[in-house]
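Below: the structure, in structure tokens.
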Amino acid sequence: MMPTTTSRRTLGIGRVLIAVYAVLAIAATGRSAFQIADRFDEAPVAFTLSAVSAVVYILATVALIAPGEVWYRIAWVTIGFELVGVLVIGTISLFAPALLGLDSPNPFGREATVWSAYGAGYLLVPLVLPVLGLLYLRGRRPRAAEAL
Amino acid sequence: MVEWFTWVQVAVALIAGLGSVVLGLLGRTPDDLTLGAALLVEVLLVVQLVVAIIAPGVGNPPTGNLLEFYVYLISAIIIVPLAGFWALIERSRWSTVVLGVAGLAIAVMVYRMYQIWAVQVA
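As you go down the protein sequences, you meet chains A and B in turn. So in the working numbering, spot 105 of the first sequence is number 105, and the numbers just go up one at a time. One gets the working numbering by counting positions in the second sequence from 1 and adding 1000 to each.
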């Protein structure tokens, strides 16, 4: 089961993907923990979603690292969830911020979350990353991962 | 925070970050140059921590939320060693890219820390 050059490359890029996921997990966790501790009453719906997204980013990071069929499925589910989350919450935050209890759609404001305005406050990384993640997963079956 | 020191940090983190990403993509494994650049970024962050502790006492208080500031600063201080350990354990070109990604993240975080300290938009 010698990995080919192509799959080794995919694996290498996967390392970078994992690193970016880890940074995003830290960012989302830090921000949501602070917002919930400091100003939960201002936008409880948005901050709760923020915390949920943080947990999902942590799970996705672990799932990308851990080997095996089960973690591979968890990676699909969590990364898919993120893509849906950033699209749905991003759209709501722009066009109907009041639904989330937000005063403004400003992605840099004090109530902004990692998914606000499709993650514009995070250089759109939250929007691009799940797409890259799903592409990466498609090319990395659990069998191939065990060859590590 | 001290403004000029902020820009020094952002510049060093940006150069270290972009440089490591490029060198990594060119195929360089982590070496003294890229790990040294990451170490420099980390040392500046520790200096920043000392500055942040001293500054409010000498007439330079934060205009924003200090807790939020420290969430960023502590996260930043943790991220660089994580990338560094990764580079020491797995000596591949991609570890160099990871070092670079960490540097870029630090540049953004330091800028955000400065905003919290000195610029209130909302």
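We put the CB at the ideal spot given by N, CA and C, even for glycine. Since this is a predicted model, take the numbers as computed values, not measurements.
Where residue i sits in the DSSP three-state scheme
i                  : result
Leu123 of chain A  : coil
Ala1105 of chain B : helix
Ala43 of chain A   : coil
Val114 of chain A  : coil
Thr48 of chain A   : helix
Pro1061 of chain B : coil
Arg1091 of chain B : coil
Gln1120 of chain B : coil
Ile1002 of chain B : Residue identity check: residue 1002 of chain B is Val in the sequence provided, not Ile. Looking at Val1002 of chain B - three-state DSSP - the assignment turns out to be coil, as it is neither helix nor strand.
Arg1112 of chain B : helix
Gly139 of chain A  : coil
Contacting residues, own chain, Cβ-Cβ under 6 Å from residue i (five flanking each side not counted)
i                  : result
Val45 of chain A   : Leu100 and Gly101
Leu1045 of chain B : Ala1076 and Ile1077
Thr1006 of chain B : Tyr1114
Met1109 of chain B : Tyr1072 and Ala1076
Cβ-based neighbour list, residue i, same chain, cut-off 8 Å, excluding 5 preceding and 5 following
i                  : result
Phe1069 of chain B : Ala1052, Pro1062, Met1113, Ile1116 and Trp1117
Thr6 of chain A    : Confidence in Thr6 of chain A is poor, its pLDDT being 43 and thus under 50, which makes the residue's placement unreliable; the coordinate value appears in the next sentence. Counting only Cβ-Cβ distances below 8 Å, and skipping sequence neighbours, we find nothing.
Pro1081 of chain B : Glu1042
Assumed close pair residue i, residue j - CB separation to whole angstroms, cut-off 8 Å
i                  : j                  : result
Ala27 of chain A   : Val114 of chain A  : 7 Å
Val20 of chain A   : Val125 of chain A  : 7 Å
Arg1093 of chain B : Gly1024 of chain B : 5 Å
Val1012 of chain B : Leu1040 of chain B : 6 Å
Ser1020 of chain B : Gly1100 of chain B : 3 Å
Ala1107 of chain B : Gly1017 of chain B : 6 Å
Tyr122 of chain A  : Gly90 of chain A   : In fact, because the Cβ distance is near 11 Å, the residues do not count as touching under 8 Å.
Within-7 Å CB hit, residue i to chain B
i                : result
Gly30 of chain A : yes
Phe34 of chain A : yes
Thr6 of chain A  : Note that Thr6 of chain A has pLDDT 43, beneath the 50 cutoff, so the model's placement of it is unreliable and no number is given.
Arg15 of chain A : yes
7 Å Cβ shell around residue i - same chain, five flanking residues per side excluded
i                 : result
Glu111 of chain A : Glu42, Ala43, Ala46, Leu102 and Asp103
Ala63 of chain A  : Trp71, Ile74, Ala75 and Thr78
Within-7 Å CB hit, residue i to chain A
i                  : result
Ala1105 of chain B : yes
Glu1068 of chain B : yes
Gly1020 of chain B : Before going on, a small fix: residue 1020 of chain B reads as Ser here, not Gly. Output row for Ser1020 of chain B: interface = no.
Trp1117 of chain B : no
Val1097 of chain B : yes
Val1080 of chain B : no
Val1041 of chain B : no
Val1071 of chain B : yes
Val1101 of chain B : yes
Trp1094 of chain B : yes
Exercise. For the stretch 50-112 of chain A, which segments carrying the beta strand (DSSP E) assignment without a break, of at least 3 residues, lie completely within its bounds, in sequence order?
Worked result: none
Problem set entry | Whole runs of the alpha helix (DSSP H) within the stretch 1016-1054 of chain B, excluding any shorter than 4 residues | 1032-1054
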